[in-house]
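Protein chains in written order, with numbering that gives the first Met the number 0: chain D, 0 to 283; chain H, 0 to 283; chain S, 0 to 283; chain C, 0 to 283; chain W, 0 to 283; chain P, 0 to 283.
Protein chains: 6
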Amino acid sequence: MIPYSNIQTQVSQALAEDIGSGDITAALIPENNQITAHLICREQAILCGKDWFNEVFQQLNVIRDITKIHWTVNDGDTITEDQRICTLTGNARSILTGERSAMNFLQTLSGTATSTAHYVKYLEGSEVKLLDTRKTIPGFREAQKYAVRCGGGYNHRHGLFDGILIKENHIMAAGSITNAVQNARNNSPHTLKIEVEIETLDELQEALLAKADILLLDNMKDDMLIQAVQINSTNHGHKAKLEVSGNITYERLSNLAHIGIDYISSGAITKHITATDFSLRFES
Amino acid sequence: MIPYSNIQTQVSQALAEDIGSGDITAALIPENNQITAHLICREQAILCGKDWFNEVFQQLNVIRDITKIHWTVNDGDTITEDQRICTLTGNARSILTGERSAMNFLQTLSGTATSTAHYVKYLEGSEVKLLDTRKTIPGFREAQKYAVRCGGGYNHRHGLFDGILIKENHIMAAGSITNAVQNARNNSPHTLKIEVEIETLDELQEALLAKADILLLDNMKDDMLIQAVQINSTNHGHKAKLEVSGNITYERLSNLAHIGIDYISSGAITKHITATDFSLRFES
Amino acid sequence: MIPYSNIQTQVSQALAEDIGSGDITAALIPENNQITAHLICREQAILCGKDWFNEVFQQLNVIRDITKIHWTVNDGDTITEDQRICTLTGNARSILTGERSAMNFLQTLSGTATSTAHYVKYLEGSEVKLLDTRKTIPGFREAQKYAVRCGGGYNHRHGLFDGILIKENHIMAAGSITNAVQNARNNSPHTLKIEVEIETLDELQEALLAKADILLLDNMKDDMLIQAVQINSTNHGHKAKLEVSGNITYERLSNLAHIGIDYISSGAITKHITATDFSLRFES
Amino acid sequence: MIPYSNIQTQVSQALAEDIGSGDITAALIPENNQITAHLICREQAILCGKDWFNEVFQQLNVIRDITKIHWTVNDGDTITEDQRICTLTGNARSILTGERSAMNFLQTLSGTATSTAHYVKYLEGSEVKLLDTRKTIPGFREAQKYAVRCGGGYNHRHGLFDGILIKENHIMAAGSITNAVQNARNNSPHTLKIEVEIETLDELQEALLAKADILLLDNMKDDMLIQAVQINSTNHGHKAKLEVSGNITYERLSNLAHIGIDYISSGAITKHITATDFSLRFES
Amino acid sequence: MIPYSNIQTQVSQALAEDIGSGDITAALIPENNQITAHLICREQAILCGKDWFNEVFQQLNVIRDITKIHWTVNDGDTITEDQRICTLTGNARSILTGERSAMNFLQTLSGTATSTAHYVKYLEGSEVKLLDTRKTIPGFREAQKYAVRCGGGYNHRHGLFDGILIKENHIMAAGSITNAVQNARNNSPHTLKIEVEIETLDELQEALLAKADILLLDNMKDDMLIQAVQINSTNHGHKAKLEVSGNITYERLSNLAHIGIDYISSGAITKHITATDFSLRFES
Amino acid sequence: MIPYSNIQTQVSQALAEDIGSGDITAALIPENNQITAHLICREQAILCGKDWFNEVFQQLNVIRDITKIHWTVNDGDTITEDQRICTLTGNARSILTGERSAMNFLQTLSGTATSTAHYVKYLEGSEVKLLDTRKTIPGFREAQKYAVRCGGGYNHRHGLFDGILIKENHIMAAGSITNAVQNARNNSPHTLKIEVEIETLDELQEALLAKADILLLDNMKDDMLIQAVQINSTNHGHKAKLEVSGNITYERLSNLAHIGIDYISSGAITKHITATDFSLRFES
């Protein structure tokens, strides 16, 4: 659902940094050679990045014969070790020149989708949603947020423009949580909920009174989280959504899945990357 | 040594994806508030990314007072847990708006520098150089290659335009290693060395006869590598540089450090990312 | 609060379309002539566009002496007929070359701010907020939304990316309002409220049951709006915010100001433009 | 006749500001739903903007089925209330995502074409041509100048690069009208006529002596204009074209149509916008 | 008089193609070395290109100490063999990295200015102006047209947008010269003169009757040109400006200087380039 | 082998500078006129630039019928006086609007290819390769380097990023040739050879000892070159490639062809341009 023009731009920048003034080794290959290659995944993973992969060859096809790509799976599908993912047939120079760029997209985005899925697995059976953050690789945020969705996670705000998150400094500047929430409600687009980051139960109480829509419970221990859920659920007239962040490990996810919070947000799923291992095997 | 205009472009794209139509929460902060903040590293690491971090605030300073940034360390320096890295003083809105983007650059690039340094440590005392590859995050290659240098590694070619690497498909198309090397020598810029990827000792012999400048020994076991070194060192009239790739683990690095090869190239140092953990602490 | 880089881009495009390959008449003026000029408003208005006006001369100053601009008012201020708005002193060529582009920004944006203020005046004494829409001049949305704020209005979503507005076609595709709201709640960022466009009181009931956050009452007559307010205010457990759109005239605004709705959105304030009349008078 | 690449750029910027990181509501609609919609005009107008409207869907079609658009009228045609302008058939997501941007182009440009036609109507039966000016919406000049032509008007210079217009400051700098015209003739491209803005009959005499090609009679009363026409028509050896500007109302146009001037230029037709009212109606 | 933003863009593209991912040899020079260098011209020439030369170092200065450039001459000045043109003082890396790009601008543009001056010399003592054409190096037209002015020539239209030139195909399509001129007069901006390319004296007569403003006499022999001048000068009621093109050699220029034509246009001065020979000498 | 996206960018910039806000004369031609035209070369030359020529019409084809271009020759072919190069059939407006831009590419690039071929002819029968330099038209380097290859020459490094060339200043900064070569070997990509510019035989000796890969013998007389070849060929253990530059005339090329050097580099083939003379003839 990423606008296609954004994918075009990302791919053209990736090709520019890799190809620059031209692929000098490709000149060794006759201009009209045809080849067939199979993309293999060498480990279990969640696939992500087909549109970027396709676009690489689309952009290289302009003056040569088209590269045909036949996929057997879709973004979001689980792929297994040694599974054949797609088959490419086309001009040898195009395929060899685009190979690395196309695979860099696929291995990076599948890596993020797969990491996300590992976290999500620990939340199975609960209603808690795993959210991403703004801790992403610069220039790659939209693509990574798409990968998070492919991995079963959900997106927090995309940036500073589409969500209100009131943090400590905003509160200090406004004088109090109450003031900050009130200011935000008066001046921000009415289509946005108001989220407040809190670190103590007192702040929680104040934020609930101010009718904040979402509370980000940052770096709280599990027992304090349980108290926070309790306070929110017994509050009269207004209940906030509860989001938990900070020190989210696999073990802790299982614990947090059933205590009554709504969301867990994790920077790790996008700021760390474990690239998925793909291989392109050429038919001889 | 990255051209500054490239840093400007990367930072402006990162700010665009984060700020979009504007930081709506920043409006809670009076326009002329001043703050001071300290950047802390929460784990031992190699610092990388100062120019990107500075540029974020440079671009946000245009219509407000300038953010002063006082650094105590340089790119490539080892930083320790809880060390204060730099201090920012300036307009509160600018600092809060730029915080996440600036730290995303720093944590990603320091992560790559630190991973590189971990590998390089195993090569201490030898002349073997650790090289990066083209397996990078799309759009981030130049920055990552700079991070590799900060971590004590060396750069392989930047892309398809500044190095010749003859692989299996090029050889098949040319008919033989001999032909491929000859074609490359005749047609490529004379300023570039010719590198050939080989997988068997027979191929090694042929490539040496063809006077290839560098041999990429891909996915060879250690004992075969030792034979390859032997063959090369006793070859008459021409000795190639030897580069090893494939399955490079920490343990194996120690073994490979002293068998007589020249370079080890690792995709892992750039395709995987373990972001370094930084924190921005505001003075109250 | 518009990111400065966006203003830079808009101004450079405006200068490109006006100056192209160069201002040929400017050559009649000696290169170092200095002039002073006063910007006058020829009618009562709300000022908007100072940053764009300044940026025009900023971009023209690069190789000549700087144009000093002394403003006596701010964006959002009411200015009166014949009031002196600012004084420019600097290189004659720069000022004459930039004059038209600078004034085109100011007259267009002040026009939108002023139109907005005319509407807002009719809502004085009520809590109802006047909202803009996505009916804007292509390429000028952000600037116009800023002008709306200067005129005392509020912004609806900036685009399709930062607000959910479920319309007839979305409802048909989802099968029912209930399904559509449920799908949106499950899949959209949790930071966004869910708004549904409704045209009948039955739809209103269904949307309230589905706990839509905001209801857009489109093209309803005043008596039906009064019923809608009544239904919403007596609904148990969930009250939506009510937004009214369609056929918003000055007269109707007065009527709607006190019936209990929350927002009125108007396409007219941004899709129509009545440019404010400014004049630049040169000191002789 | 606007270069197509300029239309592509304008549309891609309009889509970027509206769609940003993606149309979040569109996700409620199944990926392959097909719909048909009819574009209706709700008032009499001159159509303008088909190429921009088409281009919106062209850019959204890239990865989905193509949207077919069947038009029944052309740019420049008069369309009547409730007339069906075109029919769109295609992917529901594409059509809903592009609807607002496409209509924003059409309503703005048809608005300018229609305003122009209102003015032109008062000049019927005369040889006087209605001209536009450089008072346009920033970034939209070329498109508006095209709309003026669709409405029966003519274009004055596009910018500072393709016409010489000597104003008061240029004259002061050159010392006299005579000097200014002489300098312009010596130094400007010989393909351009020389136009001088004059405010008195003495200036008119001097400009005629200097053989200016066009005289811009700015803010003159009707009786002075009649004198100016007289002086020009009885001048020996050189007659200038006469252009009138300032306070051009409908009533005055009728008066000016037959006094012997050549052109009337109006800022109002492009600096003010009265968007034409279109509506997209979906087949159920 | 070229807009500065155009110079910025050209220089940044030139630096991008030369520096790419970084100047690898520059790393041999310590980061803070200072040097002084003198720019020498090794042959007599007309200088052109200072702004481009300066801008190269401006763009390289962003993160290092500024390069100071002290010029002793201006664009358009005649410079002699071994004359010192300017002195640069600054960071050694900046100067060495920018040297080639800066000199490429200067040698190319001074070459065009110098070639132009050679032609213009043959027209001394006459009123005939030497004009350039649209036969330029792609992407370099504006810069070359500026160089032509520095060399004492004049500019014909910049492109297809700022001048009307009716050629054979336009005449064929319109049916006759008369029709073509009439159509152009009715539909083109009134600020532009109408130029017609003619090859016979009959066409000349028809074009004069149609009151074309300028006649381009293409590929006519000298005696036919003399007849053309005669016909034009004795024509009643309308005299056109006469421009001559085709086979313009130095010898012929002297002949054409005094036969009564107004302009001579030459493609050679911009389509051929004889780069001026500059040398940068470093102080040791 | 130039990346197609680079050709697209160059052509779109060339069209922008020529067409700007539109081809005003083209309006004289009915929208659907079809024409056929033949491209003729008026002198013997080496053809270069087909892809740019084609791309011009490709970009103009978007909203009109396609222009069909039938070529009879390829880039690198020798073409003779009056030879028909290609035939264009298509919309008259497209062909007339694109004609000049398309031919500007072809005449400039064929000019460079042809100049190169003139030099190369003098090296026939020898193994010496003619190289280009970085002395190119700004913004046109890649295209010119392609033209050099079409003319039978070879490319030196494309820019500062893909080759190491140690010059006098680098040596001074490093302290000696020995140090400079050593530093370069330690810090530059191992895929690049190390070239050193030398002016004396002592420097040659030192560079050979330092095992520089390539020696650039700059501005040496022929007899000194012969000595240099002698020293290199009798050096033990390491022989460098020898490149000669400075004052390369046709006569000297013949002398240098057989003295044992490897490369001759010439700035003249790219810094000077003698455009090839093409003509487009329209069928009537």
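By construction, the Cβ of each residue, glycine as well, lies at the ideal position given by its N, Cα and C atoms.
It should be emphasised that the depicted structure is a prediction, and the values quoted were computed from it without experimental measurement.
Neighbourhood of residue i by C-beta distance below 7 Å, restricted to the same chain and skipping five residues each side
i: glycine 151 of chain D; result: Thr115, Ala116 and Val119
i: glutamate 10 of chain P; result: Checking the sequence, you will find valine at residue 10 of chain P rather than glutamate. Only Trp51, Glu54, Val55 and Gln58 meet the Cβ criterion.
i: glutamate 98 of chain H; result: Leu279
Closest by C-alpha distance to residue i, when choosing among the options
i: cysteine 47 of chain P; options: P:Ile176, P:Ala101, P:Thr135 and P:Glu30; result: P:Ala101
i: isoleucine 176 of chain P; options: P:Asp131, P:Ala206 and P:Asn168; result: P:Ala206
i: lysine 134 of chain P; options: P:Asp261, P:Gly245 and P:Thr66; result: P:Gly245
i: phenylalanine 160 of chain P; options: D:Ser20, D:Leu279 and D:Asn234; result: D:Ser20
i: lysine 128 of chain D; options: D:Leu215, D:Ile18, D:Glu282 and D:Tyr262; result: D:Tyr262
i: glycine 266 of chain C; options: C:Leu59, C:Gln43, C:Lys144 and C:Val72; result: C:Lys144
i: arginine 41 of chain W; options: W:Gln226, W:Gln106 and W:Ile247; result: W:Gln106
i: aspartate 76 of chain P; options: P:Asn103, P:Asn90 and P:Thr113; result: P:Thr113
i: glutamine 229 of chain H; options: H:Thr96, H:Leu203, H:Cys85 and H:Glu80; result: H:Leu203
i: asparagine 73 of chain S; options: S:Ala239, S:Ala44, S:Leu215 and S:Pro29; result: S:Ala44
i: glutamate 80 of chain C; options: C:Phe281, C:Asp276 and C:Arg280; result: C:Asp276
i: alanine 26 of chain D; options: H:Asn178, H:Leu14 and H:Thr8; result: H:Asn178
i: threonine 96 of chain D; options: D:Ile18, D:His69 and D:Gln226; result: D:Ile18
i: isoleucine 193 of chain C; options: C:Asn182, C:Thr199 and C:Asp201; result: C:Asn182
i: histidine 189 of chain W; options: C:Ala172, C:Lys220 and C:Thr132; result: C:Thr132
i: phenylalanine 104 of chain P; options: W:Arg140, W:Arg251 and W:His235; result: W:Arg140
Inter-residue CB distance, residue i and residue j (contact presumed, cutoff 8 Å)
i: threonine 273 of chain P; j: glycine 110 of chain P; result: 5 Å
i: asparagine 285 of chain D; j: glutamate 198 of chain D; result: Residue 285 of chain D lies beyond the stretch modelled for chain D, which goes from 0 to 283, so this question has no answer here.
Contact set between residue i and chain S, taken where Cβ atoms lie within less than 7 Å
i: histidine 157 of chain W; result: Ser20
Neighbour list for residue i in chain W, Cβ cutoff strictly below 8 Å
i: phenylalanine 52 of chain C; result: What phenylalanine 52 of chain C touches in chain W: nothing, since even the nearest Cβ is about 25 Å away.
Partner residues on chain D for residue i, Cβ-Cβ distance less than 8 Å
i: asparagine 168 of chain H; result: Ile28, Ile34, Ala91, Leu95 and Phe281
Chain-order list of residues whose beta-carbon lies under 6 Å from that of residue i (same chain, five-residue window excluded)
i: leucine 130 of chain H; result: Tyr153, His155, Tyr262 and Ser264
i: threonine 88 of chain D; result: Thr35 and Lys67
i: leucine 191 of chain S; result: Ile163
i: asparagine 168 of chain S; result: none
i: lysine 240 of chain W; result: Ile213 and Asp261
i: alanine 91 of chain H; result: Ile28, Asn32 and Ile34
Contact with chain E by residue i, beta-carbon distance below 9 Å
i: arginine 99 of chain H; result: In the structure shown, chain E does not exist; the protein chains are D, H, S, C, W and P.
Interface residues of chain W facing residue i [CB-CB closer than 7 Å]
i: serine 4 of chain S; result: Within chain W, no residue comes near serine 4 of chain S; the closest Cβ sits about 15 Å away, beyond 7 Å.
9 Å Cβ cut-off: residues of chain P touching residue i
i: phenylalanine 160 of chain W; result: Asp17, Ile18, Gly19, Ser20, Gly21, Asp22 and Ile23
Contact list for residue i against chain P, beta-carbon separation under 8 Å
i: proline 188 of chain H; result: Tyr153, Asn154, His155, Arg156, His157, Asp161 and Gly162
Contact set between residue i and chain S, taken where Cβ atoms lie within less than 8 Å
i: leucine 191 of chain D; result: Asp161, Gly162, Thr190, Leu191 and Lys192
Close-in-space but distant-in-sequence residues of the same chain around residue i (CB under 8 Å, 5 per side omitted)
i: isoleucine 39 of chain P; result: Asp81, Gln82, Arg83, Ile84, Phe277, Ser278, Leu279 and Arg280
* **the segment 78-87 of chain W in contact with the segment 2-9 of chain W per 3-pair CB rule at 8 Å** => no
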